[in-house]
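Some notes on the structure that comes next.
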Amino acid sequence: MTKYLNQRGKEGRLLTSENAICASVFIFFLAVYTITLCPTVFWWDSGELIANIAVLGIPHRPGFPIYVLLGKLFSFLPFWSFALKVNFLSSLFASFSLVLFYKSFGKSLNLFFPEMAKKMESIMVSSFSFLLVLGFTYSFWIQAVRAEVYSLNVLFFALLLFSSILYLKKEKLKHIYLFFFILGLGLGNHHLSLLSTAPAFVIFFLAFAKRSFSHLKKIHLFALFLLLGLSVYLYPPIRSLSHPPLAWGEVKSIFSSANSIFALETIRNLNLEFLSGIITQTSRIFSLFSDQLTFLCFTISLLGLFILFRYNRKILAFLLLLIVGNCAVVIFITTEFISTNPDLHGYLIFSLFALSFFYGIGVFFVLNHIAHSSSLIRHLFLIAFGAISLLPMFKHYPEANLSNNRIAHDYGLSVISDIDSNSVLFVDNVNLNFILRELHYAERIRRDVTVIDRGLLGFNWYVEQKREEQKALFSGIQNNLIGEPLFGTLLKRCQDLDKPTYIEFSEKDSGLVNHLIPQGYVFEVSKARIDRLSEMDLISQKRWSADGPFDPEDETFHRDWDAQRVFALSFYRLGLFYQWKGMVSHALDRFAQVRKIDPENEELLLKMKNLEALKALSGTPHPEAPPIEAEPAG
């Protein structure tokens, strides 16, 4: 009896100690992520997701129902701005994930290397090393400091892994039921990337679970729990009945919702063109892995891989399948590999988890190998591994730290703040559209302005929504009109209604240049022909250019690749406008700004050389002089 009580007391102390460590891990990472948190809306999906949470809308496919519902629940907190609360939710998801990874790593060592896992010091140090490397890669960190679905995706993966390990330890059906329920919920967030882990988990269960085949008799219950989790996908068709102000795609019926969520039309029309660049894509992905972990950590990861090859090939197979499945999905879905795209990094987190796990295994085996060495040797190795594990943090902190980054928010404000009341704004840039949605629906700024995404006018579902919202504007316009013909008709309709109208100028608008007046990043559409811009217009543009949200000399701008891309796009389009207007000096000035961001762009360089030649032949025209006729490019 005494022995039993002593054993229970020891287990209780270990549990208390483990809980304290888990709490410390959570607080540490949450503190770092909160300190580096984006204070406002960020680029791309961030604005769309925040706006949809604000109105309980339906974002782009697959709709992310579980993310929207959790975000809405969290948004009721009585402090912070709406955007900051949603950004902070990503930090919570990421921190919880790392706690589960810590527990899973330690349990894996005890389960698969019981003889070596007797020293708590080795387990703790290798576990922390694994967490530091993974948690401070840019790929993981950037998901924890902005509104995005990837940190929740990682949390679902962490829950799947933890429930799998619990099942292996106790082989109780409740853990496998939990696994399938979590899988269903996780597929309600980002199904494609989470499905990439399925082959690895199949191998995991078949290789380690002694009773996995006998438990297949309960497959009908597994399916039931999976469907219970997947039931979150009832949200889009049910919510669409209330006609939310934001709803992407046709989701009014179960079939149309499934078609939108799972991109069935895209799958039916799929070709195998992506296979042609598979070697190049794979090479780029592995180059990105090395960059994320840093060279030393990546080298120790390879050591861990070879150790598993020697001592436990089943775990190695699981981790390698994670990488293969994850990379296959990335190669399959990416038409252009942009290593600075944060969303691409979000897709690759499962691969980085596997590589960081290899790193932890490498540290664990080295520490066990020197366990009987002198105290000095052991402490030197502990210090060395601690320093090496922090290398990703020091490398990626400048890019992942968004605490002072308000560029996307200020960009949206600069577009919409000074345009006339009750105006119509046509945007041709989904990035800007998403930011304006956040300003409209989360911050309730300039709700009087009607924003129409010109690119989405080619989709019937979007046109139908706009017809319902803007009945006066669409009155008398043919129902079957979509795309650019509809855009042209709407422009004329706005003029007929005397509504102030603005457009985001694009490469398609050479025929409009003599009816446009620049207003910062957008252009006011004039009924009258404007052959020459006034001196006031040019002074106003010069002032705007100096005071705008993009400061090429600012460190935050230099570390924000999306800001640089948006800046380059905006100024390139402004340059095109001035080129087609015949204002060569102004065009060259805008193109020169773009070239600072994209110095290797040969097409831009050729365009500038041609304009320089034109300028030399005809002289620099005064803004009030008749415009030089220039051939529209693109």
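Be aware that the sequence shown starts at 686, since it is given in our numbering, and climbs by one per residue.
Glycine is no exception: its CB is placed at the ideal position from the N, C-alpha and C atoms.
- For A932, the three-state secondary structure derived from DSSP is strand.
- Bounds of the alpha helix (DSSP H) holding Y1082 are 1076-1085.
- In the DSSP assignment, T1135 forms a beta bridge with V1109.
- Taking C-alpha positions only, S925 is separated from R1244 by approximately 39 Å.
- Per the DSSP secondary-structure output, I712 pairs with nothing in a beta bridge.
- Judged by DSSP secondary structure, F1208 falls within the beta strand (DSSP E) whose first and last residues are 1207-1210.
- Following the DSSP letters along the chain, one finds P1027 inside the alpha helix (DSSP H) bounded by residues 1027-1032.
- Per DSSP, P1203 is one residue of the beta strand (DSSP E) stretching across 1201-1204.
- Between L877 and the set I1018, I963, S766, the nearest pair of CA atoms involves I1018.
- Annotated three-state conformation of T701 is helix, per DSSP.
- Under the DSSP definition of a beta bridge, T1186 partners with V1109.
- Excluding the 5 residues flanking it on each side, F889 has same chain C-beta neighbours closer than 7 Å at S849, F1003, in chain order.
- When only Cα atoms are considered, F1172 and D1105 end up about 20 Å apart.
- For the pair L981 and F825, the Cα-to-Cα distance works out to about 19 Å.
- In the three-state DSSP reduction, I850 falls in the helix class (H, G or I).
- By the Cβ test, the segment 1046-1057 is in contact with the segment 797-811, since at least three Cβ pairs between them sit closer than 8 Å.
- Contact between the segment 1256-1267 and the segment 1184-1199 is established, with three or more Cβ pairs separated by less than 8 Å.
- Partner residues in a beta bridge of I1167, as assigned by DSSP, do not exist.
- DSSP places I1162 outside both helix and strand once states are collapsed to three, so it counts as coil.
- Distances from the CA of G748 to each of L990, S811, L870, L1065 were compared; the closest alpha carbon is that of L870.
- The beta carbon of L846 lies closer than 8 Å to those of L785, F786, S789 in the same chain, with the five residues before and after it left out.
- Non-local C-beta neighbours of V1198 in its own chain, meaning closer than 8 Å and more than five positions away in sequence, comprise F1262, W1265, K1266, ordered along the chain.
- For I1062, the secondary structure class from DSSP, reduced to helix, strand or coil, is helix.
- Going by C-alpha positions, Q1204 is about 11 Å away from K1227.
- In the structure shown, I743 adopts extended strand secondary structure according to DSSP, grouped into three states.
- By the 16-neighbour rule on beta-carbons within 10 angstroms, I867 is buried.
- Annotated three-state conformation of P1234 is coil, per DSSP.
- For S916, there are no CB contacts under 6 Å within the same chain when 5 residues up- and downstream are skipped.
- Cβ atoms of I1130 and N1145 stay farther apart than 8 Å, at about 30 Å.
- Here T979 is buried, its C-beta having at least 16 other C-beta atoms within 10 Å.
- Here M1221 is exposed. Its C-beta has fewer than 16 other C-beta atoms within 10 Å.
- Looking only at F713, R1139, D976, Y1206, the smallest Cα-Cα distance to L1175 is reached by R1139.
- DSSP assignment within the segment 983-1049 yields no whole beta strand (DSSP E) run of 3 residues or more.
- In this structure, the beta-carbon distance from S1108 to Y1187 falls below 8 Å.
- Between G1047 and S986, the C-beta gap is smaller than 8 Å, which places the two residues in contact.
- Within the segment 1229-1277, the complete alpha helix (DSSP H) segments at least 4 residues long are 1240-1244, 1246-1266, listed from N- to C-terminus.
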